[in-house]
Structure formats: C-alpha cells, structure tokens
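Engineer:
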Amino acid sequence: TVEDQARAILDKFGAAMKAKDANAVSHLLSKDCIIIMPEAVGVSARARFFTRDSYLELLKQRFSETTASNSKRVIRNISTSKNGDVFMTTDNEARTLVGTRSEWIRTHEYIVMQPGTGDLLITMVVAEASFYAPDVPPEPTVEPKASPSD
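The sequence shown begins at 840 in this note's numbering and counts up one residue at a time.
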C-alpha cells in the first residue's frame, strides 16, 4: 500500500541519518523539497527554511561534527490522498553528541510525500520542537556501596 511505501521511505531516511549519509538522504528528497525547522528552543522563536540543497549542506556539516547519535521516531498518523500523496505526523526524540557537547531534542514533525519516478519522495518537512536541551550532562555513574565497616 502507499502507507507501507511511506513507512519504508521513513525507515530509509532514518537509516541514512544514522549512517551519516547525506547522499542517501538526497535520494529521498524531491528536487523542490522544503524543510522548515525552528531555531534552537530558548534561543529564538524564528523558523529556519531550507531548500533540498541547503538542507543537505547543513546535514554534511552536522554529520562532520557529530560523534554519536541515538534517535527514535514514532509515526502518529498517516493518511493518503486519491492521487497518492501522503501526509504523516511523527514524534522524534534524538540525543546527539556534538564534539564534547550532548544535545537532547524532541520534535513533532509534519511530513508530506508525493509519488516520484519509481517511489515516493519527501516534498516537505515541518519540524516543531517541543523540548531542547543544548548541553545535557552525562548520565550519573553508580557509586559502589560502602562496606558495613565504613
């Protein structure tokens, strides 16, 4: 079904992001794709608008600075139109190590896909940040228990 194809595209997108492969991401985006993301929460309420090419440049820069990342995306809703367009809403949570700084962000995403040559292509992504922590300390380590004689 078209819904299954859309899920598969989103899985490929996630795998490409995890692999830090901007070239693989580029094959999933339409030539006229628009991506709208917020500035860092607490820094500004302004949105950042990207074309496909400017987004791919941002990804390449981000991938070069990222040393580790862990994310989880959950599809909340998916619907299709008669002509095969797909609208998805997702929730995404990512924890990323950028150099020595650790970031934690939660977003709600609105994704539009349209039939391309052979497969669906992502034509629009609007990300709404619901939580952003720019410098999360590492998880605390478990301290050994004191012996009874202490």
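Backbone N, C-alpha and C define an ideal beta-carbon position, used for all residues, glycine too.
In this text, all values refer to a predicted model and were calculated from it rather than measured experimentally.
1) Could you tell me which residues DSSP pairs with residue 953 in its beta bridges?
2) Among 914, 866, 885, 857, which one has its Cα closest to the Cα of residue 950?
3) According to DSSP, is residue 903 part of a helix, a strand, or is it coil?
4) Do you know whose CA, among 952, 957, 948, lies nearest residue 930's CA?
5) Are the CB atoms of residue 841 and residue 955 nearer to each other than 8 Å?
6) Counting only the same chain and skipping the five closest in sequence on each side, list residues whose C-beta sits under 7 Å from that of residue 853.
7) Once the 5 residues before and after residue 990 are set aside, which same chain residues still bring their CB inside 6 Å of it?
8) Suppose you measure from the CA of residue 846 to the CA of residue 938; what does that come to, to the nearest Å?
9) Going by DSSP, what residue range makes up the beta strand (DSSP E) through residue 887?
10) Whose C-beta lies closer than 8 Å to the C-beta of residue 878 among residues of the same chain, with five residues either side of it excluded?
11) Tell me which residue opens and which closes the beta strand (DSSP E) that residue 869 is part of.
12) Measure the alpha-carbon distance for residue 905 versus residue 941 and round it to whole angstroms.
13) To the nearest angstrom, report how far apart residue 856 and residue 920 are at their CA atoms.
Structural biologist: Result, derived from the coordinates:
1) DSSP output for residue 953 lists 960 as bridge partner(s).
2) Out of 914, 866, 885, 857, 914 has the C-alpha closest to the C-alpha of residue 950.
3) Per DSSP, reduced to three states, the secondary structure at residue 903 is helical.
4) Ranking the options by Cα distance to residue 930, first place goes to 948.
5) Cβ distance not < 8 Å, so residue 841 and residue 955 don't count as in contact.
6) Closer than 7 Å at Cβ, skipping near neighbours: 912.
7) Because the chain in this structure spans residues 840 to 989, residue 990 falls outside the shown range and cannot be described.
8) Using only the alpha carbons, I get a separation of about 32 Å.
9) Start and end: 886-890.
10) Only 884, 885, 886, 887 meet the Cβ criterion.
11) Its beta strand (DSSP E) spans residues 868-877.
12) The C-alpha of residue 905 lies about 10 Å from the C-alpha of residue 941.
13) Distance between the alpha carbons of residue 856 and residue 920 is about 28 Å.
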